[in-house]
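A quick write-up on the structure given underneath.
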Amino acid sequence: MSTFKVCVVGGHCSNRVMIVAEQITEFFDTNGIDCQVFTHLAVSEYGFPPRSNLILQLLPAFTEVEAGCPVINIKPLIGDPMHPATLEKILKQVQADYIA
Amino acid sequence: MSSRIYLDYCATTPIHPDVRKQILRALDVDFGNPSSMHWAGMDSKQLMSQARADVAEGIGCHPDEITFTSGATESDNLALFGTLRLFPSEKAHLITSAIEHHAVLHAAHLLEQDGYAVTYVPVDGHGVVDPDDIRRAICPNTRLISIMSVNNEVGSIQPVAEIGKIAREHDVHFHTDAVQSIGLFNVNVDELNADLLSLSAHKIYGSKGIGTLYVRSGSNLSPMIFGGPQEHSLRAGTENVPGIASLGAAINLVREHRGEERARLSDLRKYLVNGLQAFGPNVSVNGAEETTAPHIVSVSFTGADAEMMQILLNHAGIAVSLGSACNSKSLEPSHVLTAMHLPQEQIESTLRISLGMPTTHEEIDLLLDAITRILPRVIVR
Chain A
1 MSTFKVCVVG GHCSNRVMIV AEQITEFFDT NGIDCQVFTH LAVSEYGFPP
51 RSNLILQLLP AFTEVEAGCP VINIKPLIGD PMHPATLEKI LKQVQADYIA
Chain B
1 MSSRIYLDYC ATTPIHPDVR KQILRALDVD FGNPSSMHWA GMDSKQLMSQ
51 ARADVAEGIG CHPDEITFTS GATESDNLAL FGTLRLFPSE KAHLITSAIE
101 HHAVLHAAHL LEQDGYAVTY VPVDGHGVVD PDDIRRAICP NTRLISIMSV
151 NNEVGSIQPV AEIGKIAREH DVHFHTDAVQ SIGLFNVNVD ELNADLLSLS
201 AHKIYGSKGI GTLYVRSGSN LSPMIFGGPQ EHSLRAGTEN VPGIASLGAA
251 INLVREHRGE ERARLSDLRK YLVNGLQAFG PNVSVNGAEE TTAPHIVSVS
301 FTGADAEMMQ ILLNHAGIAV SLGSACNSKS LEPSHVLTAM HLPQEQIEST
351 LRISLGMPTT HEEIDLLLDA ITRILPRVIV R
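Here the protein sequences come in this chain order: A and B.
Letter by letter, the first sequence follows residues 1 to 100 of the numbering used here.
Letter by letter, the second sequence follows residues 1 to 381 of the numbering used here.
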């Protein structure tokens, strides 16, 4: 399994974060990127930022300093799962950090 | 978590000590089945009769016009289904508003699926229905108009007396959900020209699981629950006597204190709103002050993420709501704020703060302090 961990962080709605995580996983598959995608709900686990290489968050839960890794706001994906600017940002970050 | 502050009284309220006494009496002493023909049943029935009389006096009706239910959701459902289903679908029309509680809206949607005609009148930017829109929507098949007295999300006070008058002029039944108004405003079914009226105990310091539907004498309703003659054969099932006792006591409590509470909460609300508006031009309070109930503040922090604000406030021990409690876990934005045509960005940055009997200035200060700390980190970038 890939060691590059991508965490999708949501708030109250576990359905929402699961849906977005599945979409992100599909996006990575389509682009030939092997990442481990998992989810984290800020409402129940706020005190402990998830240990990951990249955090994609649906709400401003953590800063990069708190998380110890890059953090990208992916809220636009709720309304548009193919939001180009957000997906491009994710891709660039992964390419910079993971795919050398 | 530091000491806790509760500012979500629209969602529910703590049971008042005076109400608890009545509940305990029903649990410990008058525990019988009111339908039983012995001392235990008779004592329980007496307690229930007193509570019924208290509720009736609280809204200006006869005790026989009070039907106890499991809560306002059931009462709202019974009002709509009970009225419309007396008629074939092609001969019945319902008028309601776009901002009703889901107990009304979901019932209306189901009626539509069954072929009934439903008109959802809009609201203005402050969340208030225009009675002329109601008047224009009435047609020969209109059987029921259902408009809530005070909206639970933004606190907008609806012109229900005027709407009730229009309904009466056109010989149409009028239902109002008075859940959020009874605690702070005088509610009289004759002044409202109401034929049906829903109440809930747990919004006025009573217990959960009990409410009432006022049914004007002479009104027909088709029951939804069968299996016994209880509640004038309108709502079968052994009565929830402790709950009924709590509703009677809660109505008495709010009647006694509503005048002073309305004044006190108006002052508190002003204090809170002033404090919120001091955070800058991106903060807006939804609804007009003169048509908003004093216990509800719907506030938008445009540019901030309300969900994260609510999470961080909860982490700080402060309970507030994202829109209504019913919406807080839904993927859909608030239907009330959407109906008020607020921009999406504003809807996503809205919190509901609601005040109650225990709320103090000190609690408001602590809320404002917490927001001061939290706001900079929940700005969406």
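Heads up, the beta-carbon is just placed ideally off N, CA and C, and yes, glycines get one too.
This structure is a prediction, so every number in the text was calculated from the model and none was measured.
Below-9 Å beta-carbon distance, residue i vs any chain A residue
{"i": "C326(B)", "result": "Any reading at C326(B) must be qualified, since the residue scores a pLDDT of 48, below 50, and its modelled position is unreliable; no value is offered."}
{"i": "I311(B)", "result": "yes"}
{"i": "D387(B)", "result": "Since the displayed chain B opens at 1 and closes at 381, residue 387(B) lies outside it and no answer follows."}
{"i": "H315(B)", "result": "yes"}
{"i": "L24(B)", "result": "no"}
{"i": "L342(B)", "result": "no"}
{"i": "I379(B)", "result": "yes"}
{"i": "P322(B)", "result": "Per the sequence shown, residue 322(B) should be read as Leu rather than Pro. With 9 Å as the cut-off, L322(B) counts as an interface residue toward chain A."}
{"i": "E65(B)", "result": "no"}
{"i": "M37(B)", "result": "no"}
{"i": "E153(B)", "result": "no"}
{"i": "E290(B)", "result": "no"}
{"i": "D195(B)", "result": "no"}
Any non-hydrogen atom of the ligand COA closer than 8 Å to residue i Cβ
{"i": "Q310(B)", "result": "As far as ligands go, the structure on display features none, and thus does not contain the ligand COA."}
Classification of residue i by the beta-carbon crowding that lies within 10 angstroms, buried from 16 upward
{"i": "P131(B)", "result": "buried"}
{"i": "V29(B)", "result": "exposed"}
{"i": "F48(A)", "result": "exposed"}
{"i": "Q95(A)", "result": "exposed"}
{"i": "K21(B)", "result": "exposed"}
{"i": "H101(B)", "result": "buried"}
{"i": "L312(B)", "result": "buried"}
{"i": "A278(B)", "result": "exposed"}
{"i": "H335(B)", "result": "buried"}
{"i": "T142(B)", "result": "buried"}
{"i": "A249(B)", "result": "buried"}
{"i": "C35(A)", "result": "buried"}
{"i": "Q57(A)", "result": "buried"}
{"i": "K270(B)", "result": "exposed"}
{"i": "S75(B)", "result": "buried"}
{"i": "V65(A)", "result": "exposed"}
{"i": "N193(B)", "result": "buried"}
{"i": "K91(B)", "result": "exposed"}
{"i": "A107(B)", "result": "buried"}
{"i": "F226(B)", "result": "exposed"}
{"i": "A85(A)", "result": "exposed"}
{"i": "N240(B)", "result": "buried"}
{"i": "N53(A)", "result": "buried"}
{"i": "G32(A)", "result": "exposed"}
{"i": "G71(B)", "result": "buried"}
{"i": "E260(B)", "result": "exposed"}
Beta carbon proximity, residue i to chain B, threshold 9 Å
{"i": "N53(A)", "result": "no"}
{"i": "G47(A)", "result": "yes"}
{"i": "H40(A)", "result": "no"}
{"i": "L59(A)", "result": "yes"}
{"i": "V8(A)", "result": "no"}
{"i": "H12(A)", "result": "yes"}
{"i": "T86(A)", "result": "no"}
{"i": "V43(A)", "result": "yes"}
Terminal residues of the beta strand (DSSP E) in which residue i lies
{"i": "G211(B)", "result": "G211 to V215"}
{"i": "R377(B)", "result": "Note, R377(B): premise wrong, no beta strand (DSSP E); not H, not E."}
{"i": "D177(B)", "result": "H173 to D177"}
{"i": "V9(A)", "result": "K5 to G10"}
{"i": "Q36(A)", "result": "Q36 to L41"}
{"i": "S298(B)", "result": "I296 to F301"}
{"i": "R352(B)", "result": "T350 to S354"}
Beta-carbon separation (whole angstroms), residue i vs residue j, contact threshold 8 Å
{"i": "L322(B)", "j": "L351(B)", "result": "6 Å"}
{"i": "S156(B)", "j": "H175(B)", "result": "In fact, because the Cβ distance is near 18 Å, the residues do not count as touching under 8 Å."}
{"i": "Y205(B)", "j": "L253(B)", "result": "6 Å"}
{"i": "V8(A)", "j": "V43(A)", "result": "About 14 Å; that fails the 8 Å criterion."}
{"i": "L94(B)", "j": "L84(B)", "result": "6 Å"}
{"i": "L199(B)", "j": "T212(B)", "result": "5 Å"}
{"i": "I59(B)", "j": "N188(B)", "result": "6 Å"}
Bounding residues of the alpha helix (DSSP H) (the contiguous stretch that carries residue i)
{"i": "V65(A)", "result": "E64 to A67"}
{"i": "N252(B)", "result": "V241 to Q277"}
- Query: Going along the region 212 to 226 of chain B in order, which residues come within less than 7 Å of chain A, judged by CB to CB distance?
  - Reply: Here the close residues number zero.
Margin query: To be precise: take each residue of the region 248 to 259 of chain B, compare its Cβ to all Cβ atoms of chain A, and keep it if any distance is under 9 Å. Which residues remain?
Written below: Along the region 248 to 259 of chain B, there is no position whose C-beta sits under 9 Å from a C-beta of chain A.
query = Closer than 9 Å, Cβ to any Cβ of chain B: which residues of the region 60 to 78 of chain A, in chain order?
reply = Listed in sequence order: P60, A61, T63, N73, K75 and I78.
Taking Cβ-Cβ distances below 8 Å as the criterion, which residues of the region 282 to 308 of chain B are in contact with chain A?
-> Taking 8 Å as the Cβ-Cβ cut-off against chain A, the residues of the region 282 to 308 of chain B that qualify are D305, E307 and M308.
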